[in-house]
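Numbering-wise (this note's numbering), the sequence shown opens with residue 240 and increments by one. Note that CB positions come from ideal geometry on N, CA and C, so glycine has one too. Given the structure is predicted, the values throughout are model-derived calculations rather than measurements.
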Amino acid sequence: MKMLYPNAAILAHPESSTAVVDLADAVGSIDQLIQAAQNLPNHQIIVETDKSIFYKMQQACPEKSFYIAPTAGEGVRPAGLVHIGPWMARNSLKTIKQGLKKEGELHEISINDKLRERTLKPFGADVVICC
């Protein structure tokens, strides 16, 4: 897609593949990606995250054009652009809460240092990760 829209910015969710994260102009949550879309000078934006973000982005930036990165099952997949997939939409506060309530289970999230640093960058010094 970057070949089709060479001047487009790429916005990605932190769970995207490493190849996508490395290409992205901004990596973050849905709210962070909307803010990035507003702040980036690009008028074309390729979005690599859940499709539900498009309506919010179009509302926030009506003067910009948004393109969803193709998934493995949709047309031709350019190298490095792989959509996160449908499982993101399956998460809800209820299912997360149920999962965290299971006794005797450890809840650990591991991410590589490069992704962690890039994901936390938009927060500045406001976020401290320990342990």
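Close Cβ partners of residue i (< 7 Å) along its chain, the five nearest in sequence each way excluded
i: Phe305; result: Ile284, Val286, Phe293, Met296, Gln297
i: Glu356; result: none
i: Val266; result: Ala251, Pro253, Val260, Arg357, Thr358
C-alpha distance - residue i paired with residue j, whole-angstrom precision
i: Asp264; j: Leu250; result: 6 Å
i: Glu347; j: Leu339; result: 11 Å
i: Thr288; j: Thr257; result: 14 Å
i: Ala275; j: Lys341; result: 36 Å
i: Asp352; j: Pro361; result: 15 Å
i: Asp270; j: Lys290; result: 14 Å
i: His378; j: Ala308; result: The structure shown does not extend to residue 378, since the chain spans only 240 to 370, so no value can be given for it.
i: Glu344; j: Ile350; result: 19 Å
i: Ser268; j: Asn246; result: 23 Å
i: Leu354; j: Met240; result: 23 Å
Supposed contact pair residue j and residue i - C-beta distance, whole angstroms, cut 8 Å
i: Leu248; j: Leu279; result: A small fix is needed here, since residue 248 is Ala in this sequence, not Leu. About 5 Å separates the two Cβ atoms, so the contact holds.
Neighbourhood of residue i by C-beta, 6 Å cutoff - its chain only, sequence neighbours within 5 removed
i: Ala299; result: Ile273, Gln277
Same chain, Cβ closer than 8 Å to residue i, neighbours up to 5 away in sequence not counted
i: Tyr244; result: Gln283, Ile285, Tyr306
i: Glu302; result: His282
i: Leu332; result: none
One or two residues paired with residue i in a DSSP bridge
i: Ile249; result: Ile285
Subject >> Segments assigned beta strand (DSSP E), at least 3 residues, entirely inside the stretch 265–319 >> reply: Those beta strand (DSSP E) runs which fall completely within the stretch 265–319 and span 3+ residues are 283–287, 304–307.
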